[in-house]
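K.L.:
Residue numbers (the numbering used here), protein chains in the order written: chain A, 156 to 468; chain B, 6 to 329. Just so you know, even glycine gets a beta-carbon here, dropped at the ideal spot from N, CA and C.
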Amino acid sequence: MPNETPSSASALLDAEGPATTPSTWRKEVLRGWRSMVASRWALFGLIILVIAILVAIFGPSLAPFDPNRQNILLRLLPPGADGPRGTVFLLGSDALGRDVFSRLLYGARVSLLVGFAAILVGGTLGVIAGLVSGYFGGWVDDVIMRLGDIQLAFPFILLAIMFLVVLGPGLMNIILVLGIGQWITYARIVRAETLSLREKEYVEAARAMGDSTISIMFRTILPNIMAPLTVIASFNVASVILSEAALSFLGLGVPPNVPTWGSMLSESREHLLSNRWWLAVFPGLAIVFVVLAFNIIGDWLRDYLDPRLREKD
Amino acid sequence: MWTFLVRRLLQSVVVLLGVTLISFISLQIGGDPTYLFVSENASTEEIERARAVLGFDRPLHIQYLSYVWDVMRLDFGRSLTFRQPAMDVVLAALPATIELTLFSLILAVLISIPLGIVSALYRGKPVDGGIMTFAMIGQSIPNFWMGIMMIMFFGLYLRWFPISGHVPFLVPLFAGDFARAWANLPQSLHYMIMPAIAVGSYTLARNARLVRSSMLEVLQQDYVRTARSKGISETRVIVHHALRNAWLPVITMIGLEFGFLLGGVVVVETVFSYPGIGRLVFNAINQRDIPVVQASVIVLALVFILLNLIVDLIYARLDPRVKL
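1) Could you tell me whether the region 109 to 122 of chain B touches the region 385 to 394 of chain A, using the rule of 3 or more Cβ pairs below 8 Å?
2) What are the partner residues of phenylalanine 61/B, as DSSP defines its beta bridges?
3) If you check the beta carbons only, do isoleucine 335/A and alanine 401/A fall under 8 Å apart?
4) Strictly below 8 Å CB to CB, what residues from chain A border isoleucine 256/B?
5) Do threonine 349/A and glycine 285/A have their beta-carbon atoms positioned less than 8 Å apart in this structure?
6) In whole angstroms, what separates the C-alpha of phenylalanine 183/B from that of serine 28/B?
7) At 4 residues or longer, and completely inside the region 338 to 399 of chain A: list those alpha helix (DSSP H) runs for me, N to C.
8) What's the gap between the Cα of leucine 112/B and the Cα of phenylalanine 265/B?
9) In chain order, what residues of the region 320 to 346 of chain A put their CB closer than 7 Å to some CB of chain B?
10) State whether the region 242 to 261 of chain A contacts the region 213 to 232 of chain A, with contact taken as three or more CB pairs (one from each stretch) at a distance under 8 Å.
11) Tell me the start and end of each unbroken alpha helix (DSSP H) in the region 8 to 85 of chain B that is at least 4 residues and wholly inside, in chain order.
12) Can you name, in chain order, every residue of its own chain whose Cβ lies under 7 Å from the Cβ of phenylalanine 108/B, other than the five neighbours on each side?
13) Pick helix, strand or coil for valine 222/A, following the three-state DSSP scheme.
14) Identify the continuous alpha helix (DSSP H) that holds histidine 195/B and give its terminal residues.
15) With burial defined as no fewer than 16 other Cβ atoms inside 10 Å of the residue's Cβ, what is the status of glutamine 226/B: buried or exposed?
16) With a threshold of 8 Å, are at least 3 pairs of Cβ atoms found where one atom belongs to the region 70 to 81 of chain B and the other to the region 159 to 169 of chain B?
17) DSSP puts valine 148/A in a beta bridge; with which residues?
18) Grab the span of the alpha helix (DSSP H) containing threonine 106/B for me, first residue to last.
19) By the criterion of Cβ-Cβ separation under 7 Å, what are the contact partners of tryptophan 150/B in chain A?
20) Within the 8 Å Cβ cut-off, does isoleucine 103/B reach chain A?
21) Return no unless some Cβ of chain A is closer than 8 Å to the Cβ of serine 28/B.
22) Does phenylalanine 199/A get closer than 8 Å to chain B when you measure Cβ to Cβ?
23) Can you find a CB in chain A that lies within less than 8 Å of the CB of serine 145/B?
24) When you compare only the Cα positions, how much space is there between valine 308/B and isoleucine 369/A?
25) For isoleucine 290/B, which residues in the same chain have their Cβ closer than 7 Å to its Cβ, ignoring the five residues on either side in sequence?
26) In three-state DSSP terms, what is serine 169/B?
27) If we call anything under 8 Å between Cβ atoms a contact, is serine 301/B one with phenylalanine 318/A?
28) Report the three-state DSSP secondary structure of serine 524/A (helix, strand or coil).
29) Looking at the structure shown, is aspartate 3/B part of a helix, part of a strand, or coil, going by DSSP?
30) Using only the alpha-carbon positions, how far apart do arginine 12/B and valine 19/B sit?
31) Can you pull the DSSP bridge partners for serine 248/A?
32) Would you kindly report the start and end of the unbroken alpha helix (DSSP H) that includes alanine 207/A?
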């Protein structure tokens with residue numbers, strides 16, 4: 156029985172099956188949308204996410220100011236203060252007279268880019284490692300899983316600190332370090348699922364028909380484990396964004412001329428005593444909303460895609 | 006018991022070797038590591054001399070073996086900014102970090118368990134919804150931002166708590182000076198409460214959800230139904246029958262969460278100018294004091310491995326199904 160897990164998700168995601176005609180796709184999307192609307196939380200998360208993605212894409216054209224444009228005469232102005240020539244600092248200005256609102260819009264780019272790219276890196280590595288580990292077993296499996304154990308023995312942020320101090324700040328560096336930090340999460344899930352799918356009849360059938368190992372791993376097994384992967388990825392984006400913010404806060408993120416929410420918070424610390432609250436409040440809220448959105452959507456996806464993973468409620 | 010202990014210790018040794026390998030790689034990954042240890046305007050001769058002194062001119066495998074040997078002796082070389090061995094600097098800061106980590110863990114566990122139980126008992130009611138919303142938001146707040154907000158509100162506006170500093174408790178305690186430790190305790194807690202909440206908020210939220218789902222699962226078990234049908238009071242059923250079993254996944258989780266906590270401590274200490282390893286790492290990062298960064302990271306990894314070992318032992322004691 157190829158469909159022992161008769162969740163709609165596996166039907167939806169099984170690229171081999173006959174279920175994926177355009178009209179079922181439309182039906183699935185519609186069903187997902189209805190379920191999302193029914194759960195108000197999920198809809199809230201989706202709206203925040205869409206706004207964040209739009210801001211990340213169109214930020215430069217929405218921003219009223221150049222985020223790095225300094226103006227020493229207009230430093231540390233509160234939200235709503237007048238800027239140069241009839242403009243307004245919507246969320247105030249920082250210690251160098253830069254517009255907080257514009258910097259906030261640019262900051263969305265780094266957060267989301269790092270979030271998605273790191274997951275892509277970590278997910279790809281983890282899926283390959285997990286498929287190999289689960290499909291072949293034996294010493295390959297042992298080596299891969301022990302490597303993961305060693306990595307998990309480190310609190311992750313420490314590992315990231317150690318590498319980034321040597322590598323120096325940079326978008327590529329932070330994506331790679333955060334991505335490599337996540338691979339084991341995916342590898343473990345993929346391995347466990349592969350182990351159980353390996354013996355299924357439809358995998359055996361593919362083998363009997365002479366499909367290559369690579370084809371069996373990526374075209375027969377992988378599509379059937381996309382559901383749990385999607386759920387994990389969603390939570391993972393949230394935690395990667397938090398890590399990126401923490402590393403930027405420590406001065407280990409992207410170069411200083413790129414505005415990020417973490418580095419804005421880092422700069423805000425010098426002005427806490429003089430009560431420039433807007434420097435600390437807005438970047439933090441931005442992080443909370445985006446991370447919350449991914450966590451909510453992860454929760455919803457888990458319930459929607461894969462009832463087996465559902466928390467009791 | 007002994008086989009379990011030996012097996013577990015051997016595992017820890019393997020993990021430790023892995024830790025040295027990873028930190029060794031992190032040193033080499035940027036090219037010649039000599040440049041990390043000399044000032045930017047060092048002359049060619051100075052660099053040559055440093056390379057020879059630090060041993061970076063030897064073959065890689067020799068370098069690694071001598072690195073492992075150094076780590077085993079807890080020797081990370083001299084700090085580039087403090088005029089003493091990096092390890093001494095780190096060990097001086099360690100007790101404060103352990104105090105903060107333990108305190109935030111205790112706080113998180115003490116708050117999350119009742120929250121999770123209440124949530125499970127009033128499943129689907131507004132209380133449950135409120136607690137779970139709170140937990141969801143708690144999991145999404147960066148710990149350092151939480152620290153900043155608490156400093157602004159409780160520290161600077163209400164003036165309830167000091168916004169920085171630390172009064173030692175563990176150091177006099179382990180030095181045998183109980184009177185001083187006892188006298189320091191209230192002050193120590195007063196200084197630690199805000200950083201501890203900031204560090205522990207994620208764990209608190211995570212555990213509240215975990216306790217809830219674990220309780221819900223246990224409450225459906227036959228033995229709980231039996232206990233109820235025997236006419237035992239509901240409190241007794243929950244505390245003696247349900248909670249004792251709902252504990253176990255939570256304890257496993259706590260072991261894993263030491264990692265989060267230690268990682269969180271590094272960032273939050275910086276916010277509160279708390280004199281632990283985290284602040285040390287932050288300053289070392291800014292001054293590119295590599296020996297101190299390496300020593301700190303490895304010491305924290307050691308602490309993490311040790312704590313996990315302890316958690317495993319506690320778990321084995323609490324769960325009679327795990328044979329020692």
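P.N.:
Result, derived from the coordinates:
1) no
2) Per DSSP, none; premise fails for phenylalanine 61/B.
3) no
4) Residues of chain A passing the Cβ test: none, with the nearest at roughly 18 Å.
5) yes
6) 39 Å
7) 356 to 363
8) 15 Å
9) Val320, Val321 and Leu322
10) yes
11) 39 to 42, 49 to 59 and 65 to 77
12) Met197 and Ala201
13) According to the sequence as given, residue 222/A is proline; it is not valine. Reduced to three states, the DSSP call for proline 222/A is coil.
14) 183 to 224
15) exposed
16) no
17) Outside the displayed range of chain A (156 to 468) lies residue 148/A, so it cannot be described from this structure.
18) 91 to 126
19) Leu420, Gly439 and Ile442
20) no
21) yes
22) no
23) yes
24) 42 Å
25) Val298
26) coil
27) no
28) Residue 524/A lies beyond the range of chain A shown here (156 to 468); nothing can be said about it.
29) It is not possible to answer for residue 3/B, since the shown part of chain B is limited to 6 through 329.
30) 11 Å
31) Asp254/A
32) 195 to 217
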